[in-house]
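Trainee:
Protein chains in written order, with the UniProt record's numbering: chain A, 1 to 404; chain B, 1 to 534.
1) At 4 residues or longer, what runs of the alpha helix (DSSP H) sit wholly inside the segment 336-387 of chain A?
2) Using a Cβ-Cβ distance under 8 Å, would residue 251/B count as near chain A?
3) Closer than 8 Å, Cβ to any Cβ of chain A: which residues of the segment 337-361 of chain B, in chain order?
4) Distance check for residue 202/B and residue 377/B, CA to CA, integer angstroms please.
5) For the beta strand (DSSP E) containing residue 307/A, name the first residue and the last one.
6) Would you decide whether residue 263/B is buried or exposed? Buried here means 16 or more other CB atoms lie within 10 Å of its CB.
7) Can you pull the chain A neighbours of residue 535/B, defined as C-beta to C-beta under 7 Å?
8) With a threshold of 16 other CB atoms inside 10 Å of the CB of residue 279/A, please say whether the residue is buried or exposed.
9) Ignore the nearest five residues each way along the sequence and tell me which others in residue 437/B's own chain have a CB closer than 8 Å to its CB.
10) Give me the residue from 503/B, 505/B, 494/B and 506/B with the minimum Cα distance to residue 513/B.
11) Would you verify that the beta carbon of residue 458/B is, or is not, closer than 8 Å to some beta carbon of chain A?
12) Pull out every residue of the segment 130-157 of chain A whose Cβ sits closer than 7 Å to any Cβ of chain B, in chain order.
13) Taking a contact to mean a Cβ-Cβ separation below 8 Å, would you say residue 278/B touches residue 241/B in this structure?
14) What span of residues does the alpha helix (DSSP H) with residue 245/A cover, start to end?
15) For residue 30/A, go through chain B and note every residue whose CB falls closer than 7 Å to its CB, in chain order.
16) Using a beta-carbon distance cut-off of less than 8 Å, what residues from the segment 80-109 of chain A approach chain B?
17) Just to confirm, is the Cβ distance from residue 182/B to residue 209/B under 8 Å?
18) Less than 6 Å between C-beta atoms, sequence neighbours within five positions excluded: which residues of the same chain meet that for residue 162/A?
19) Suppose only complete runs of 3+ residues qualify. What are the beta strand (DSSP E) ranges in the segment 172-227 of chain A, listed by chain order?
20) Closer than 9 Å by beta-carbon distance: list the chain B residues that pair up with residue 350/A, in chain order.
21) Is it the case that the CB of residue 282/B approaches a heavy atom of the ligand GDP more closely than 7 Å?
22) Could you tell me whether the Cβ of residue 58/A comes closer than 8 Å to any Cβ of chain B?
23) Just to confirm, are residue 287/B and residue 469/B a CB contact at a threshold of 8 Å?
24) Here's a check: name, in chain order, each residue in its chain whose Cβ is nearer than 8 Å to the Cβ of residue 213/B, leaving out the five neighbours to either side.
25) Flag this pair as touching only if the segment 188-200 of chain A and the segment 230-246 of chain A have three or more C-beta atom pairs under 8 Å; answer yes or no.
26) For residue 76/A, which residues does DSSP report across the bridge?
27) Is it buried or exposed, residue 352/B, if we count other Cβ atoms within 10 angstroms and call 16 or more buried?
28) What are the boundary residues of the alpha helix (DSSP H) that residue 343/B is part of?
29) I'd like to know if the segment 347-364 of chain A and the segment 201-221 of chain A are in contact, where contact means that at least 3 CB-CB pairs between them fall below 8 Å.
30) Alpha carbon to alpha carbon, how far is residue 103/A from residue 44/A? Give it in angstroms, no decimals.
31) Hey, would you say residue 306/A sits closer than 8 Å to residue 392/A, going by beta carbons?
32) Given a cut-off of 8 Å, decide if residue 352/A and residue 398/A are closer than it, judged by their beta-carbon atoms.
33) State yes or no: is the C-beta of residue 36/A within less than 8 Å of the C-beta of residue 96/A?
34) The beta strand (DSSP E) spanning residue 286/A covers which residue range?
35) Along chain B, in chain order, which residues have C-beta atoms closer than 9 Å to that of residue 55/A?
36) Starting from the beta carbon of residue 12/A, find every residue of chain B whose beta carbon is closer than 8 Å, and list them in chain order.
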């Protein structure tokens, strides 16, 4: 019995020695990296920006006063690899970089346009044990990644949240941005069946003010960042942008769109009705003709009239059906424009290749090698089914009374 | 280990040579009898008690014979003695032909519990426990009359085991009152009480109480054997007994249960446990004790089952908070920052920014500070207590944070831990969590969650290895007993708790009759009179 206790005790006491204190870190010794920015370097391959959060300036230690300084600091460090750059940071920062809370990777369009540069840093991100593969990726459009990363936000204490939250809400109610994390992105790069997309960000206002408190100090902000369009990649290289309604077309085909708004024409007047889809379902099917795939995108959507600036009798179901028909035509054109753009860029961002693979694996083997070319030549038809559920809390618009 | 056993051996040797012991033996000569000469007897008593001033000798005359009543002032009831003997002795007219000893015993003394003694041992036992002894010149016997009547504390509300709906009485320091409190609740001839005296010097009265037919005979026998084995000079509280009869000393967990509430002890007896009452201790010990028992509060049974189940689960949760709260915080903030949601992490990091200590030291300082305050609070005079608790709250809560010694989040962790600790109904279990918490904190600071898990596993294994009077400590859980689950995490409705716990009481398990589930009256017997409604 005594021996037993003694051995257990010894084993128990020895365990700390065996494992050693490999990842013990006091919080005060850590620099929490909230976002990474990757720019093209001058001498080295990359200029990597690290957005380090300054917790004291985000929340108060006591008493509830937030200190005056900026909530983040952005540190730039050059390197041929990401690891080199991140180690070089320690020439400036006296704390260990901690990546477990990194939510965002910003890539400048210059890097994105160069295949070698773009793919050159992904391995580091996926290999690091701390780094989360659920980090989102956005592309800095006509701007440096550093600028996007150092932009301060008016509403959010943590600027990274501004971007992640904005994409999330925009994907939900507008449908023009899309949340792409590192895993999704890499999936598109390595898979022959699909190509990657990512949300783009631009700087608006006075570019030189970005990152300074001045940019947000007035209620009328002088410089801010904004989501703009979707970057289209082909085989790990940025080839073009889908902007505005074309971006929405992409999310629609991908089935990610839930909610958006459409300005419709009515009896010759432009943009007088606004139709808001509430639920939307997308299904894509493929059939083959002479070894050529033909795609059919079907969209079923249901929504309500959020604005009617014309004398329409909304109590009449026929009128609603008519509006539905206009919306169908509108959505169809929207989507076709997007598809044509993608075909022009020769990038299958919709994952049509996957459909072919599933439906006809034999044919896929033939098409696989040159799929983007085949995609560009394939026929795509769109079938939209819109149902107008209701017209808000009002039946007829006041325009009807006005006419009387 | 060997040092320990050597030390023990030496101790035993020392005890054997103890002069004091020998003197005790001399004081109690086994077969010495009372002498016929009263003066010699009195001289001897005086001598052996060292002329103690509280010893009262009251001389009287019965007929032609001299007699003396001996009692201890304060232990015996003076009023009773003067009313019932001294007056009647002086009034009585006796014939000198009669056997005066018999007259004294049968006629003169007007009280119930009376006996003749001839042995010196009994002489001391008698008046030292509050009885009065009557010596009569020329007789080698004495009369022992029970006149116990010292100042007692009244039955008051329990102070450490409070209940909302339960009875308000609690045990006192007098064993007789305590047995009465239990017997008042269980009016069964099967409730047996066996007396015992433990303590070579103190001669403390012990009572072993159990319900014959419900309690497991083996356990009763084991309890008696363990009590008989005790050879110690004094028993000043039931805590002594607890420590002398428990299965294992090297554990942090209580393997005996104690309570100051008669209703708890009664319910334990009805489950087949054995109660040990100790004179001069308001806490009654019950055995065997199971781990889960320490989370059962009397209110669990006095309120409806759904509410009591929810509250019991809350209690178990708060035990875990008290157990691992600070170590969880240390592990998460020093090893596993990735597990804390970003916003919370930033908030914690901001607070820790100016704190000069590592998380473990910070937690340790705060925990120790709190323990000091709690310990001091126990001993402080009531008038000062409040002032100190205010100072303590300010020291912990306000000043330490403002001075930047500790972070506010640490104060939250320590306070929730401390409060959670108080929700364990039995102090002895709460205090074991308090101690182990520090060990877990050290483990968490060295190895993070891995260390915490290691510690918890170790404690679990230890808990499973414990026995209380031969019953596995974790009983209804490990080894698992489906029937025992009726009173573990979920307190079943009273009508559904059909049996006593099988692992404690052997035989006579049935608790309720058939069909005890209450319900509305069956159809056709509806209470509302339909004729009246029209």
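Beta carbons: idealized from backbone N, C-alpha and C, even for Gly.
Fair warning: this is a prediction, and the values are worked out from it, not measured in the lab.
Mentor: To lay it out plainly:
1) 352-359, 361-368 and 371-377
2) no
3) 337, 338, 342, 343, 345, 346, 347, 348, 349, 350, 351, 352, 353, 354, 355, 358 and 359
4) 31 Å
5) 292-308
6) buried
7) Here chain B has residues from 1 to 534 only, and residue 535/B is not among them.
8) exposed
9) 322, 323, 324, 325, 326, 327, 367 and 417
10) 494/B
11) yes
12) 130
13) yes
14) 245-254
15) 337
16) 98, 100, 101 and 103
17) yes
18) 153 and 156
19) 197-205
20) Within 9 Å Cβ-Cβ: nothing; residue 350/A doesn't reach chain B, min ~33 Å.
21) Absence of the ligand GDP from the depicted structure is noted, as is the absence of any ligand whatsoever, leaving it without description.
22) yes
23) yes
24) 190, 507 and 508
25) yes
26) 49/A
27) buried
28) 342-352
29) no
30) 25 Å
31) yes
32) no
33) no
34) 269-289
35) 345, 346, 347, 348, 349, 350, 351, 352 and 353
36) 454 and 458
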